[in-house]
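From first to last, the protein sequence lines stand for chains E and D. For the first sequence, position 164 (counting from the first letter as 1) is numbered 163 according to numbering that gives the first Met the number 0, and the numbering increases by one without interruption. For the second sequence, position 102 (counting from the first letter as 1) is numbered 101 according to numbering that gives the first Met the number 0, and the numbering increases by one without interruption. All C-beta atoms, glycine included, are put in the ideal place defined by N, C-alpha and C. These figures come from a predicted structure and were not determined experimentally. Worksheet: the structure to be examined is printed underneath.
Number of protein chains: 2
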Amino acid sequence: MTLQYPRRQQQLESLIQRLGLPENAPIQWQLLDLALTHSTLSAEDNYEQLEFVGDAVVKLASAEFLLETYPDLKVGDFTAMRSVLVSDRILALIADQYGFDRYLLVSPGAMADTAGRESRLADSLEAVLAALYLSTHTLQLVRPWLDPHFQQLSTEILADPARQNYKAALQNWTQGYQKTLPEYRTQEAGQTHNDPHRFTAEVWIQGQCLGRGTGRSRKAAEQAAAQEAFLALSRD
Amino acid sequence: MTLQYPRRQQQLESLIQRLGLPENAPIQWQLLDLALTHSTLSAEDNYEQLEFVGDAVVKLASAEFLLETYPDLKVGDFTAMRSVLVSDRILALIADQYGFDRYLLVSPGAMADTAGRESRLADSLEAVLAALYLSTHTLQLVRPWLDPHFQQLSTEILADPARQNYKAALQNWTQGYQKTLPEYRTQEAGQTHNDPHRFTAEVWIQGQCLGRGTGRSRKAAEQAAAQEAFLALSRD
Numbered sequence: 000m001t002l003q004y005p006r007r008q009q010q011l012e013s014l015i016q017r018l019g020l021p022e023n024a025p026i027q028w029q030l031l032d033l034a035l036t037h038s039t040l041s042a043e044d045n046y047e048q049l050e051f052v053g054d055a056v057v058k059l060a061s062a063e064f065l066l067e068t069y070p071d072l073k074v075g076d077f078t079a080m081r082s083v084l085v086s087d088r089i090l091a092l093i094a095d096q097y098g099f100d101r102y103l104l105v106s107p108g109a110m111a112d113t114a115g116r117e118s119r120l121a122d123s124l125e126a127v128l129a130a131l132y133l134s135t136h137t138l139q140l141v142r143p144w145l146d147p148h149f150q151q152l153s154t155e156i157l158a159d160p161a162r163q164n165y166k167a168a169l170q171n172w173t174q175g176y177q178k179t180l181p182e183y184r185t186q187e188a189g190q191t192h193n194d195p196h197r198f199t200a201e202v203w204i205q206g207q208c209l210g211r212g213t214g215r216s217r218k219a220a221e222q223a224a225a226q227e228a229f230l231a232l233s234r235d
Numbered sequence: 000m001t002l003q004y005p006r007r008q009q010q011l012e013s014l015i016q017r018l019g020l021p022e023n024a025p026i027q028w029q030l031l032d033l034a035l036t037h038s039t040l041s042a043e044d045n046y047e048q049l050e051f052v053g054d055a056v057v058k059l060a061s062a063e064f065l066l067e068t069y070p071d072l073k074v075g076d077f078t079a080m081r082s083v084l085v086s087d088r089i090l091a092l093i094a095d096q097y098g099f100d101r102y103l104l105v106s107p108g109a110m111a112d113t114a115g116r117e118s119r120l121a122d123s124l125e126a127v128l129a130a131l132y133l134s135t136h137t138l139q140l141v142r143p144w145l146d147p148h149f150q151q152l153s154t155e156i157l158a159d160p161a162r163q164n165y166k167a168a169l170q171n172w173t174q175g176y177q178k179t180l181p182e183y184r185t186q187e188a189g190q191t192h193n194d195p196h197r198f199t200a201e202v203w204i205q206g207q208c209l210g211r212g213t214g215r216s217r218k219a220a221e222q223a224a225a226q227e228a229f230l231a232l233s234r235d
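Put into structure tokens, the structure is as follows:
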């Protein structure tokens, strides 16, 4: 195999080592190379397609982690927790801990765009997750190093005292920081009593939909939407 | 192992046969049983947690399928096509072809809720995908029977003459059917020239956000959002 420049292979091997994966891990190096190439460097061969796959890989890895670690949690909690675990902000933090900046090939112009740094880091992490997944078609090269991050984050989230009443917590937050109230847009999606998807709610803050949820009651759907929004905001 | 009632094992084996999977496939029958149990039948042991995992399984399966089958497609096309492939409507159609109604344990009250049938079918298909995925931690029991559906659907989508100009196609549609125009909410998310995520757009129709997209230009982001909305609407 030939990578883009002579020392690239060594560079990628050093990342694999940092992730704690074994030296002889069956990695498709060309995919990993692609996963760490930004579109400003090559309009054809860059991480965009892998990022598309990686979006699903990180969702699956976090769902499996949550189901195994907290088998008794409600589905609303799973959904709210996953939306934090797979958020750009969290993925960028994880990528940063492994120094992705030094592995990502990017044009000097894009590098100067500091506002875009978070999404570059998050997107390239997703692409790397896809490259590792596609190397074995399992999560065996993903979960050993990603799970400890998820463990730490989910412990933090579960320790959050606001967890019991997100509508109140969200309202406190928006009143305190933005002098506005959250707006709920809630609909009855079905007619079945006790159906957990009977109601759907969105919560809007300053023209942006920040959370969605479903529930057996209007109130439950709104709590679920508030939870998603609150967890997202409180990580910022 | 003990399933909920004596003939359940046979019933589940007959579904596996219908899916075309080998008789000796390494299936976790208790998970499959759970995947086909609605929350109105058991508030504790039902498909909700598996559906949460299955949402990611079907996204991953469709992403892998699209990447393998159409390696030269643009990422915007992947995203738009996947949003159709994993939509409730399509998943319910697939579940219906395998007669999921006769495998899903559901209370008589919920059964009578015909409006909720589509989401019951889609949700239980997602849960079954999760049960099959978790049986091997690979997609080997999923893709053999799901890929042919994706193949047929994606061929249809790609043959769609509107594909080239979704903003125009969507406008024709809303003017014709609803006497309204789509509303685009477009933002500049970054500053980097040529960044495929520089702009983000949402398209709103009658108070609902029906599509989202990103692009290198305002126009490209809006086309991507229009595409997602148009493909969703044109499947209905």
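With three or more CB-CB distances shorter than 8 Å, the stretch 90-108 of chain D counts as touching the stretch 9-16 of chain D. At a cut-off of 7 Å between beta carbons, H136(E) contacts chain D. Scanning chain E for C-beta atoms nearer than 8 Å to the C-beta of F229(D) yields nothing, as the closest lies near 20 Å away.
The alpha-carbon of A94(E) is positioned some 25 Å away from that of K73(D). Look at S118(D): its C-beta is under 7 Å from a C-beta on chain E. Considering only beta carbons, the part of the stretch 16-49 of chain E lying closer than 8 Å to chain D consists of S38, T39, A42, E47 and Q48, in chain order. Every alpha helix (DSSP H) stretch that sits fully inside the stretch 88-138 of chain E and reaches 4 residues is listed by chain position as 107-110 and 116-135. Non-local beta-carbon contacts of E182(E) in its own chain, meaning distances under 6 Å to residues more than five positions away in sequence, involve W203 in chain order. Residue D122(D) holds the alpha-carbon nearest to the alpha-carbon of A34(D) among R88(D), N193(D), D122(D) and P25(D). Chain E has a Cβ within less than 7 Å of the Cβ of K58(D).
Exclusion of the five residues before and after Y132(E) leaves V52, G53, V56, L138, L140 and V141 as the residues of its chain whose Cβ lies within less than 8 Å of its Cβ. Nearest CB-CB separation between H148(E) and chain D: not below the 7 Å threshold. Think of a sphere of 8 Å around the beta carbon of F77(E): the chain D residues whose beta carbon falls inside it are Q48 and F51, in chain order. Just so you know, the alpha carbons of P195(E) and E125(D) end up roughly 16 Å apart.
Taken through DSSP and simplified to helix, strand or coil, Y165(E) comes out as helix.
Among the residues of the stretch 185-196 of chain E, those with a Cβ less than 8 Å away from any Cβ of chain D are A188, G189, Q190, T191, H192, N193, D194, P195 and H196, in the order of the chain. With contacts defined as CB atoms closer than 7 Å, A200(E) and A224(E) qualify as a contacting pair. By DSSP's assignment, R184(D) forms a beta bridge with E201(D). Exposure of E67(E) is indicated by the presence of fewer than 16 other C-beta atoms within 10 angstroms of its C-beta.
Burial is judged here by how many other beta carbons sit within 10 angstroms of a residue's own beta carbon; R6(D) has fewer than 16 and is exposed. Restricted to the stretch 6-94 of chain D, the alpha helix (DSSP H) segments that are unbroken, complete and at least 4 residues in length are 7-17, 28-34, 47-68 and 74-84, listed in chain order. In the structure shown, L209(E) adopts extended strand secondary structure according to DSSP, grouped into three states.
Per DSSP, T179(E) lies in no alpha helix (DSSP H) segment and is marked neither H nor E. At the C-beta level, T39(E) and N171(D) stay beyond 7 Å of one another. Contact of V74(D) with chain E by beta-carbon distance below 9 Å involves E47, Q48, E50 and F51. Per DSSP, the continuous alpha helix (DSSP H) segment holding Q151(E) begins and ends at R142 to A158. A contact between stretches requires three or more CB pairs, one per stretch, nearer than 8 Å, and the stretch 148-157 of chain E fails this requirement with the stretch 109-121 of chain E.
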